[in-house]
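Numbering (full-length UniProt numbering), first residue to last: 1 to 735. Written out below as structure tokens is the structure these notes cover.
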């Protein structure tokens, strides 16, 4: 018997389809060893030697794996092909206690019959370089998290955390928010007209492009007075076409998805969070029940920074395109892409469907709605890369009247090419047929006021793009970085699902920037990532990297422990506690500042701050169901809520549905949303209540139990299965 070990039972079930009875496939249920939760677990005096422990939840599984390993002629580790997968295999090898000669490693980018057969023909030894790189990352994160977080607890506020990558991402978000707060809008005007050929009922838009022989820049008209002077001079002008320019351009399809671009596209096109995207992609990769075929993997491995595509896929895609769309849409030679990502692993492959001819319509009966949306996105993008370029005809028309020249621009698709399968989100803008000297009528010309806008808050998509461009994190960490900041209460999502920092985020960020500048320095963190890549490539040893980082970090930490006092971060209120007479201090909560007694924990008196003005009500698109007036968004003791704008005449209020992005595991239709009890305690329930009464006290995540596929609930130090009676849990990742 040959034993194959993978991480999840779903993956084990899919792989088993392609193996003979000679093979037995078992799942480790993820990591089987980790650093202890109760202590640092790294001996900084002895070359950073880690101490690994087997969690209680893994002990029975290890016992089963050991029993099977003892009977096996050969043990094949088939964990994921990245560094973390290599590390899981190494940990398994360490705990199974078998002859090392029996151990081999196989890797594959997709769970298909051909890929598994190819992997079995080329087993290899464990790559210790990849293990060391992952181990170095884990230890770096542990050193920062376990040594810096307690300092934040002691000096600022209990419950805070710092992370090697998390804190850099938080700095990026905080600095963007401060840019927005400091932004002073500038007024500018544009002059826009609606024109039509004489006798035509088809008007088109044009903007003033030049005045008195000079091209106007975007903000050239700074006031209404300037705009009005021009309008007054052209109100009686005669208009004619003085220039028509047509230019045909070719538009190439974008490259196939990497982890980063998949998260960006799923966020902008489908509204998925990064974590939601990766959870759905994991399920598509590991396999779903697919009719008579049984358990089938639908996409390739979803943690990758490469844009390569296998020759087999290229050939299959070409054949499918010719059959489905016609030969004029298929390429003569396959199109290949080169990655621009820093440190990309070119030996890997892009995210693509495992079978180019397996269309979204084929899989629709077997996938739940969001999985189908993501599969469709991946399939369309990958297949579209092998379709011909789109041909776009761009048209520019100049319209002259007196000293004014307006310009109208339009474009239309003359050959859709890849756009037939993967359309742009921009729509065509088609101008009527116009020739030089055509006379036109001005249906309407008016000045329009504009104001410059601040930079936008980060969405999941734009933050991931920024992290990738800066070289912060790697494909497997982007989703975790964002979810950690949300789970720890450092950031929230606004009504447009964009990320903005909470009050406590400013205090933590400012403290780290001032006293631990390297920890939150983008360039420093990027250099660390590059060093981890060098370890994986065998160009650097991991212990010297840790020594170079930890020595200065720990020295600074010890110094700051002595220098910094909690009082330095406390803000006096000038008020006295009416219960014990001690000074009241200004504290930070999730929804702003409040007063708390300095005698805590002996005195637990708290109260709202006097004179703390609540934010002004924000208009919304909702209508009060009691009186028909618009509803406005207000912020109260327990956070945002909706109130009738006619208050106090109408006292209708209702909570704002705060989604989690997690599908209800009981009914499979609703979303688990945040709610509060009458006493203010947070819980999470299905938004289809009372039709579905599923509820949890802890926040559900997009990670699922490998056995029951129910969501894991986020507790302080671990994730636990929400399925009643299931004891599965896993540590929460440090970033």
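Backbone N, C-alpha and C fix where the C-beta goes; we use that ideal spot for every residue, glycine too.
In the three-state scheme derived from DSSP, where H, G and I count as helix and E and B as strand, residue 181 is classed as helix. Rounded to whole angstroms, residue 447 and residue 236 show a C-alpha spacing of 16 angstroms. Spatial neighbours of residue 512 in its own chain (CB-CB distance under 7 angstroms, excluding positions within 5 residues in sequence) are listed in chain order as 162, 167, 519 and 520. Under DSSP, residue 34 takes part in a beta bridge, and its partners are 53.
If you look at residue 621, you'll find it in the beta strand (DSSP E) that goes 618-623.
For residue 313, no beta strand (DSSP E) segment is defined; the enclosing uninterrupted segment is the alpha helix (DSSP H) at 311-325. In this structure, the CA atom of residue 349 is about 8 angstroms from the CA atom of residue 305. By the criterion of a C-beta distance shorter than 7 angstroms, residue 238 is surrounded in its chain by 401, once the five residues flanking it on both sides are discounted. Of 696, 719 and 715, the smallest CA-CA separation from residue 705 is found for 719. In the structure shown, residue 16 falls within a helical segment according to DSSP collapsed to helix, strand and coil. Secondary structure at residue 556: helix, using DSSP grouped into helix, strand and coil.
Close CB contacts of residue 186 within its chain, under the 6 angstroms cut and outside five residues either way in sequence, are with 452 (chain order).
Per DSSP, the beta bridge partners of residue 104 are 76. Secondary structure of residue 188 (DSSP, three-state): strand. By the 16-neighbour rule on beta-carbons within 10 angstroms, residue 414 is exposed.
Fewer than three pairs of CB atoms, one per stretch, sit closer than 8 angstroms, so the segment 49-68 makes no contact with the segment 436-444. Around the C-beta of residue 379, 16 or more other C-beta atoms lie within 10 Å, and the residue is accordingly described as buried. Among the bridge pairs identified by DSSP, residue 671 is matched with 663.
Taken through DSSP and simplified to helix, strand or coil, residue 234 comes out as helix. In the structure shown, residue 300 adopts coil according to DSSP, grouped into three states.
CA-to-CA, the gap between residue 660 and residue 671 works out to about 7 angstroms. With respect to the 7 angstroms criterion, residue 416 and residue 243 are not classified as neighbours on the basis of their beta carbons. A direct Cα-Cα distance of roughly 40 angstroms separates residue 703 from residue 568. Bridge pairing for residue 211: 214 and 404 [DSSP]. When C-beta atoms of the segment 24-38 are compared with those of the segment 68-88, three or more pairs fall below 8 angstroms, so the two segments count as touching.
If the five residues before and after residue 322 are omitted, its C-beta is found closer than 8 angstroms to the C-beta atoms of 329 and 330, all from its own chain and listed in chain order. The beta-carbon distance between residue 354 and residue 298, rounded to whole angstroms, is 6 angstroms. This is short enough to meet the 8 angstroms contact definition.
Straight-line measurement puts the Cα of residue 272 at about 21 angstroms from the Cα of residue 675.
In the DSSP annotation of this structure, residue 129 is not part of any beta strand (DSSP E); the continuous alpha helix (DSSP H) holding it starts and ends at 128-155. Your pair residue 505 and residue 490 checks out as a contact, with CB atoms roughly 4 angstroms apart and the cut at 8 angstroms. A direct Cα-Cα distance of roughly 35 angstroms separates residue 427 from residue 182. Annotated as proximal: residue 4 and residue 78, with beta-carbon spacing under 7 angstroms.
The C-alpha of residue 419 lies about 19 angstroms from the C-alpha of residue 358.
In this structure, the straight-line span from the alpha carbon of residue 431 to that of residue 396 is close to 9 angstroms.
Note that the C-beta distance between residue 250 and residue 389 is below 7 angstroms. Straight-line measurement puts the Cα of residue 460 at about 16 angstroms from the Cα of residue 281.
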